[in-house]
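So in the working numbering, spot 1 of the sequence shown is number 24, and the numbers just go up one at a time.
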Amino acid sequence: MYIITIHYPNADGANFDFDYYRTKHLPEVGKAFKPFGLGYSSVLKGEENVDGTPPAYLVTSILSFRDEKGARDAAASEGAKALAADVPNFSSVAPVVQFNTSVP
24 MYIITIHYPN ADGANFDFDY YRTKHLPEVG KAFKPFGLGY SSVLKGEENV
74 DGTPPAYLVT SILSFRDEKG ARDAAASEGA KALAADVPNF SSVAPVVQFN
124 TSVP
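(1) Looking at N33 and the ligand PLP, is the gap between the Cβ and the nearest heavy atom below 7 Å?
(2) On a CA-only basis, which of N72, D96, T46 and T28 is nearest F56? Give me that one, please.
(3) Assign T83 to buried or exposed, taking buried as 16 or more other Cβ atoms, counted over all protein chains shown, within 10 Å of its Cβ.
(4) Would you give the residue range spanned by the beta strand (DSSP E) that P32 belongs to?
(5) Quick check: what's the CA-CA separation for F41 versus K47?
(6) Under the rule that 16 or more other beta-carbon atoms within 10 Å means buried, what is F122, buried or exposed?
(7) Out of F59, G75 and A79, which has the shortest C-alpha to C-alpha gap to L67?
(8) DSSP three-state label for L39, please.
(9) When you compare only the Cα positions, how much space is there between H30 and I85?
(10) For the alpha helix (DSSP H) that G93 lies in, which residues bound it at each end?
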């Protein structure tokens, strides 16, 4: 399993439209990445750090792929470019995108 995480930082004045993200953007993620082996996805909404301070990230999305090639091909695809172009429609901050492996 190979995982892409997308983190939206909680910067000063950051805005995030959760409704748009959930109803418009996420369905497009599925359409764009399923051909590359997207298995499951999960979205985490940052609430607070354990010390009560604001979270480092407003949202973290987790995209799980069958293998590294599929994840990297998905990230380099035209669909990924279209998804990146959609970000300003729901977020005032640019995401941090990271490749990850699962630790056995």
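Note that the Cβ used here is the ideal one computed from N, Cα and C, for glycine as well.
Note that this is a predicted model, so its numbers are computed, not measured.
Straight from the coordinates:
(1) Ligands displayed in this structure: none; no statement on the ligand PLP is therefore possible.
(2) D96
(3) buried
(4) Y25 to P32
(5) 10 Å
(6) exposed
(7) A79
(8) Note on residue identity: the sequence assigns Phe, not Leu, to residue 39. Of the three classes helix, strand and coil, the one that applies to F39 here is strand, per DSSP.
(9) 9 Å
(10) E91 to A98
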